[in-house]
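Just so you know, we're using the numbering used here here: the sequence shown kicks off at 72 and counts up by one. A virtual CB, placed ideally from N, CA and C, is assigned to each residue, including glycine. This report concerns only the one structure given below.
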Amino acid sequence: MTQSHVSTVADPTADTETDPGADPAVRFPEGFVWGASTASFQIEGSTTADGRGPSIWDTFSATPGKVLNGDTGDPAVDHYRRYAEDVEIMRDMGIGAYRFSVAWPRILPEGGGAVNRAGLDFYDRLLDNLLEAGITPWPTLYHWDLPQALEDKGGWPERDTAFRFAEYAEVLRDRFGDRVRDWTTLNEPWCAAFLGYADGVHAPGRRDPAAALAAAHHLLLGHGLATAVLREGGSDRRVGLTLNQTTVRPYTTAPADVAAARRADAVRNRVFTGPLFQGRYPADLLDDLAAITDFGFVHDGDLELVSAPLDHLGVNYYTPEWVSATTEGVDPARIESGGDTGAFVGCDDVVFVSQGLPRTGIGWEIDATGLYEVLVRLAAECPGVDMYVHENGAAYEDEVGPDDRVHDPDRVSYIDAHLRIVHEALKAGVPMRGYFVWSLLDNFEWAWGYSQRFGVVHVDYETQRRRVKDSGRWYADVVRKGGLPG
Ligand code: FCB
């Protein structure tokens, strides 16, 4: 194990102005989970090592024009070889839980069938290191790196992919079920289905709205099948999934804007929460999309599987949406160009507008109140389910200063504001049980390549040297105190 980071994190609060012993005014409950998140393709690198098969993100990023600057998942931040150092950084920061994802193509290079033992061994080593460091592992089974072999057979729009996912879940359960209690099946199925198969900005880069809806259903079916598999033979296992729900607000109270918001909300949020929490697709969604699909991909019994009760729900939140039915009367400067609108299937006529708020480095508007709305709404939709923020954070153009430090006050303010909102949600009765910052490390930000740094730990992409940013030191301080100053 390399110790190169140790000097940078030995005393994460050395330069903070707060008294390390002070009782925080905004205190989180005892047992609140303080975590950090990453994802396999974004950090691991070593994409051809030890029998790993190709994923759709390998293919996509190798296709000219798909990822900024032609960046690929190699070497990413070399976590496959530097995982022990990264665990040590988390231990030094006092982080209690690590949310990472398992690369399906490391385990089943062909998507199903032959198991690659070396792939399992890597996660074995990671798990053992985490447990030794007193950090609770929170693996996610699918954070978008579908084995290319399955995409070649049709990908998520094909029903069989859901069954291959359950097969993969069984392999992980058998190998890691003794050490993992908290399992997450999917990360952000909305992105996987709609950015991947409708908008085409994510792998596999298809632009077929009907296929995207079939993909969404098969992701949910895969979640349902895998949930049953993961629960088998382990009564204390807790299974959930992670959704990136957001609030979709009408630009004005005009009925047409309210109707536009309802439609966008259906295809952005309720397409998942309907099947998961009510066991059915929303009637208005079925009507809205009737010209695109008849939902014939929903078979008898699917929705019972999909709606099996969750033990926990992860929420990823970065920014809200505002929509208008028309460009008329909208300040032209507020009309969003580009964006994700192709992903909003059936909403081609809906205009996405900005609120004119400050933005993070990636261009996403900052509005923590959106997180409050999302949490309160979800708590009402799935009462009694433990809730976690599984991702929240901000990209900024960080630089290593002459003092060899990364001063990132904007990231601190972003996380601080959102943590205060989580606390507000708790006070309102939402069963918030934890918060995971996105991300532990700077990493490969999908179509943005390495241009966006989300880490609380800086990575020098030339040398792979890690430096804990000021935000990481600040977060370590919050974790140690269990809260924030008033
Ligand atoms: C989420 C993804 C995560 C990362 C953040 C910024 O949508 O789950 O991998 O890209 O956004």
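The criterion of a C-beta distance shorter than 7 Å is satisfied by V173 and P210.
The criterion of a C-beta distance shorter than 7 Å is satisfied by A466 and F525.
Using a cutoff of 6 Å, the CB of N258 counts as near the ligand FCB, since one of the ligand's heavy atoms is closer than that. For R504 against V97, the beta-carbon gap comes to about 17 Å, at or over 8 Å, which does not count as contact. H489 sits in a helix when the DSSP states are folded into three classes.
The C-beta distance from S132 to D142 rounds to 7 Å, short enough to fall under 8 Å. Taken atom to atom, the span from the alpha-carbon of D475 to that of F236 is near 44 Å. Judged by DSSP in its simplified three-state form, R308 adopts coil rather than helix or strand. The continuous stretches of alpha helix (DSSP H) do not include A107, which lies in the beta strand (DSSP E) extending over residues 104 to 108.
Straight across, the Cα-Cα distance linking E436 with W393 is about 11 Å.
By the Cβ neighbour-count rule, G472 is exposed, with fewer than 16 other Cβ atoms within 10 Å of its own. Secondary structure at H214: coil, using DSSP grouped into helix, strand and coil. Straight-line spacing of the CA atoms in A404 and G427 works out to 9 Å.
The beta carbons of S542 and I486 sit about 7 Å from each other, so the pair counts as a contact at 8 Å.
Judged by beta-carbon spacing, V158 lies beyond the 7 Å limit of L191, meaning their Cβ atoms are not closer than that value.
Annotation: the continuous beta strand (DSSP E) that includes R170 extends over 168 to 172. Leaving aside the five residues that flank L197 on each side, the residues in its chain whose CB is nearer than 6 Å to its CB run, in chain order, Y154. Annotated as distal: F171 and T255, with beta-carbon spacing of 7 Å or more.
Burial check for T324: the Cβ neighbour count within 10 Å stays below 16, so the residue is exposed. When the five nearest sequence neighbours on each side are left out, the beta carbons in the same chain lying within less than 7 Å of the beta carbon of A147 are those of Q113, I114, E115, G116, N514, F515, in order along the chain.
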